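These protein sequence lines map, in sequence, to chains A and B. Under the UniProt record's numbering, residues 1 to 323 are what the first sequence spells out, in order. Under the UniProt record's numbering, residues 1 to 323 are what the second sequence spells out, in order.
2 protein chains.
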Amino acid sequence: MPEFALIDRLRRRVRGREDVPLGIGDDAALLQPPAGEQLAITADTLNAGVHFPVETAPADIGWKTLAVNLSDLAAMGAQPRWCTLSLSLPQDEAAWLDAFADGFFALADAHGVALVGGDTTRGPLSLSVTAIGSVPPGAALRRDGARIGDDIWITGTPGEAAAALALWQQGELDVTTPAAEAAREHLRQRLLRPTPRVDAGLRLRGLAHACVDVSDGLLADLGHLCARSGVGARITLEGLPLSPALRALGDRRAREWQVGGGDDYELCFTAAAADREAVQRALEFAGTQGHVIGRVLAGEGIQVLDEEGCAWHPPRSGYQHFG
Amino acid sequence: MPEFALIDRLRRRVRGREDVPLGIGDDAALLQPPAGEQLAITADTLNAGVHFPVETAPADIGWKTLAVNLSDLAAMGAQPRWCTLSLSLPQDEAAWLDAFADGFFALADAHGVALVGGDTTRGPLSLSVTAIGSVPPGAALRRDGARIGDDIWITGTPGEAAAALALWQQGELDVTTPAAEAAREHLRQRLLRPTPRVDAGLRLRGLAHACVDVSDGLLADLGHLCARSGVGARITLEGLPLSPALRALGDRRAREWQVGGGDDYELCFTAAAADREAVQRALEFAGTQGHVIGRVLAGEGIQVLDEEGCAWHPPRSGYQHFG
Chain A
1 MPEFALIDRL RRRVRGREDV PLGIGDDAAL LQPPAGEQLA ITADTLNAGV HFPVETAPAD
61 IGWKTLAVNL SDLAAMGAQP RWCTLSLSLP QDEAAWLDAF ADGFFALADA HGVALVGGDT
121 TRGPLSLSVT AIGSVPPGAA LRRDGARIGD DIWITGTPGE AAAALALWQQ GELDVTTPAA
181 EAAREHLRQR LLRPTPRVDA GLRLRGLAHA CVDVSDGLLA DLGHLCARSG VGARITLEGL
241 PLSPALRALG DRRAREWQVG GGDDYELCFT AAAADREAVQ RALEFAGTQG HVIGRVLAGE
301 GIQVLDEEGC AWHPPRSGYQ HFG
Chain B
1 MPEFALIDRL RRRVRGREDV PLGIGDDAAL LQPPAGEQLA ITADTLNAGV HFPVETAPAD
61 IGWKTLAVNL SDLAAMGAQP RWCTLSLSLP QDEAAWLDAF ADGFFALADA HGVALVGGDT
121 TRGPLSLSVT AIGSVPPGAA LRRDGARIGD DIWITGTPGE AAAALALWQQ GELDVTTPAA
181 EAAREHLRQR LLRPTPRVDA GLRLRGLAHA CVDVSDGLLA DLGHLCARSG VGARITLEGL
241 PLSPALRALG DRRAREWQVG GGDDYELCFT AAAADREAVQ RALEFAGTQG HVIGRVLAGE
301 GIQVLDEEGC AWHPPRSGYQ HFG
């Protein structure tokens, strides 16, 4: 199947819309940006064997490829609009591409994201997306706005993706009850089909002072936010919500996964303590849970306190692809 | 070297500017699009061993990675503004990255392109760029506007990149004179450091009816333009300018390279015959040569006539990465 036919297979799934005066098929696509708004732009690549196990189903790869990018736009409080996709495939497999597109467009259509360009090349399986959203000037949720005394919030229940990956790598569950099996399946879905918190990001405009998405691990990403804001932080394990699935698993590594594990794609943000109810309501409208897990302090670095109020040190703090 | 340090190495080379209210370092960058303009967006990937020989110097890879994308914006008549870069590296080599950045930013700075995002991952050497430019509504040079009777133009002297690649693969020159050696070095530069015809594209706004960049080969790309415009074309080998280097080489494959070879990144466009002088002047202002190589006809398909006016059939017509 020639390259152009592969691109055509994707192009057929793209619907026309007003903010795309010219779609895929020319040297470049034309976009109509919304008047008076700024654009938020992010680029993330997933490589087989590095960012997902090689045996991952193509539809799950398609979903996640876009999800990790939409999560970055969510963390900016941006409205997703367009994306490009560069796809490196070891061989020309129409069936693989169709399944990949099923996952990719399921998420793209849910968020009104138009695929407006891309490239299909031969090479080891790799997927690069650049995603673009829009946000009114001054409304973006940056990393550098945290204020001393702010609440620190997390959406959802972190640690589930890291738990799923650990179970996947380990192969067997230590305890195999129906509840543990159901928990494992739930966790797998959280790893394979993360939910970018787009609506939460939009509703946090004007409320959150600073925001980051948790892709490298809570400690690592909150660390970036604090460093950019010139502040420190204290979080408590007690405040960190343990999901029913993590609880059902009963694994003693749960807290490590929550604090150090990556791939959750939840939002970690800070907001004035006086806005606690407004934030809670905003997240409810967005269909997302939120919990206060700590407080922004003067200084630098992040303290983690365990259930007894003692300093707790995770065995690792976020992962990096190099080094 | 951790991933963040690699990104920092690139970020240090990026200058601040007004249309980038927030650069690399947050979940996404913020862009300020020019009021009243549309955006042109394109994405192209280069893989080692597929799009360039594995022994290519990193500075040349850096240049070409951006050049192939700016060429697409040039073909739209768009003013380049921003880009993202996703870089897959087999290992963490600061020296490699610095040399790559030398080539990349040499071209980016020449055209005022700001790097606003990206990703560094571990994997086989691969480079994905998404480039964005701006263009007033209605001014973009699309592929679908060719009119019957239009002149068909080409910028520069096509065939040089294909000649360089053939010589590279073949290793030795059949004839080794000083002139042939100089020609080979010139051709290598044309393959490794193609010049995106950005200024030509900008000056062709309002003159060219349809435009495409010649990346897959003149016949293949002119074929796309004609298909999108619903027209046919006739071109003559006589009209196709043979560069001094190609002439010095004296290789009988020169015409094949000109018509079928890829990687030239010249612009092929159509314009009214009455505008011939205006087009010539516009290209001169852009510092680019241009030649009329044929005419748009009713019907479909492209006829090529040789110097005797007889139908000429190239052994191949453009290359594709798959199939």
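Even for Gly, the Cβ is constructed at its ideal location relative to N, Cα and C. In this text, all values refer to a predicted model and were calculated from it rather than measured experimentally.
Residue from the options whose Cα sits closest to the Cα of residue i
i: A:L73; options: A:T56, A:G171, A:A131, A:A59; result: A:A131
i: B:R81; options: A:T56, A:L39, A:A140; result: A:L39
i: A:L219; options: A:V20, A:G301, A:S86; result: A:G301
i: B:L167; options: B:P21, B:A286, B:R252, B:R15; result: B:R252
i: A:I194; options: A:L22, A:A94, A:E18, A:G103; result: The sequence given here has Pro at residue 194 of chain A, not Ile. For the residues A:L22, A:A94, A:E18, A:G103, the minimum Cα distance to A:P194 belongs to A:G103.
i: A:D263; options: A:G159, A:L249, A:G299; result: A:G159
i: B:E93; options: B:L222, B:G123, B:G217; result: B:G123
i: A:A95; options: A:P196, A:G217, A:L10, A:V198; result: A:L10
i: A:H111; options: A:R197, A:S215, A:E18, A:V20; result: A:R197
i: residue 327 of chain A; options: A:E37, A:D19, A:E18, A:H186; result: Absent from the model: residue 327 of chain A. The displayed extent of chain A is 1 to 323, so no value can be given.
i: A:S71; options: A:A57, A:V20, A:V113; result: A:V113
i: A:D19; options: A:C83, A:Q258, A:L187; result: A:C83
i: B:D221; options: B:T177, B:E181, B:Q258; result: B:Q258
i: B:A57; options: B:T177, B:R188, B:A298; result: B:R188
i: A:T236; options: A:E308, A:R13, A:Q91; result: A:E308
Short Cβ contact (8 Å threshold) for residue i with residue j
i: B:T65; j: B:L46; result: yes
i: A:D200; j: A:T157; result: Before going on, a small fix: residue 200 of chain A reads as Ala here, not Asp. It is not a contact, given that the beta carbons lie outside the stated cut-off.
i: B:A29; j: B:A78; result: no
i: A:L283; j: A:G290; result: yes
i: A:A43; j: A:W153; result: no
i: B:D8; j: A:V212; result: no
i: B:A48; j: B:L125; result: yes
i: B:L107; j: B:L85; result: no
i: A:D150; j: A:H224; result: no
i: A:R190; j: A:A286; result: no
i: A:S243; j: A:V68; result: no
i: A:Q303; j: A:R234; result: yes
i: B:G117; j: B:I41; result: no
i: B:G250; j: B:G217; result: no
Residue i, buried or exposed, once every other Cβ within 10 Å from all chains shown has been counted against 16
i: B:E268; result: Per the sequence presented here, residue 268 of chain B reads as Cys, with Glu not at that position. Per the 10 Å Cβ criterion, buried.
i: A:R184; result: buried
i: B:C310; result: exposed
i: B:P137; result: exposed
i: B:P245; result: In the sequence under discussion, the amino acid at residue 245 of chain B is Ala, which differs from the Pro named in the question. By the neighbour-count rule (16 or more Cβ atoms within 10 Å), B:A245 is buried.
i: B:N109; result: In the sequence on display, residue 109 of chain B carries Asp and not Asn. The residue in question, B:D109, is exposed, as its Cβ has fewer than 16 Cβ neighbours within 10 Å.
i: B:T120; result: buried
i: A:T288; result: buried
i: B:E266; result: buried
i: A:D306; result: exposed
i: B:G206; result: exposed
i: A:A75; result: buried
i: B:R15; result: exposed
i: B:Q170; result: exposed
i: B:G62; result: buried
i: A:A298; result: exposed
i: B:A182; result: exposed
8 Å contact criterion, which residue i and residue j should meet: CB distance rounded
i: A:R276; j: A:V292; result: 7 Å
i: A:E238; j: A:P314; result: A:E238 to A:P314, Cβ: 15 Å. No contact.
i: A:F100; j: A:A59; result: 7 Å
i: A:P127; j: A:L192; result: As written in the sequence, residue 127 of chain A is Leu, which differs from the Pro given in the question. With a Cβ gap of about 14 Å, A:L127 and A:L192 do not count as contacting.
### Query
Contact between the segment 153-165 of chain B and the segment 26-33 of chain B: three or more CB pairs below 8 Å?
no
### Message
Whether or not the segment 121-131 of chain B and the segment 270-289 of chain B are in contact is what I'm after, with contact meaning three or more pairs of Cβ atoms, one per stretch, closer than 8 Å; do they touch?
### Response
no
### Query
Hey, is the segment 50-68 of chain B in contact with the segment 13-33 of chain B, meaning 3+ C-beta pairs nearer than 8 Å?
no
### Message
Between the segment 133-147 of chain B and the segment 219-231 of chain B, can you find at least three pairs of beta-carbon atoms closer than 8 Å?
### Response
yes
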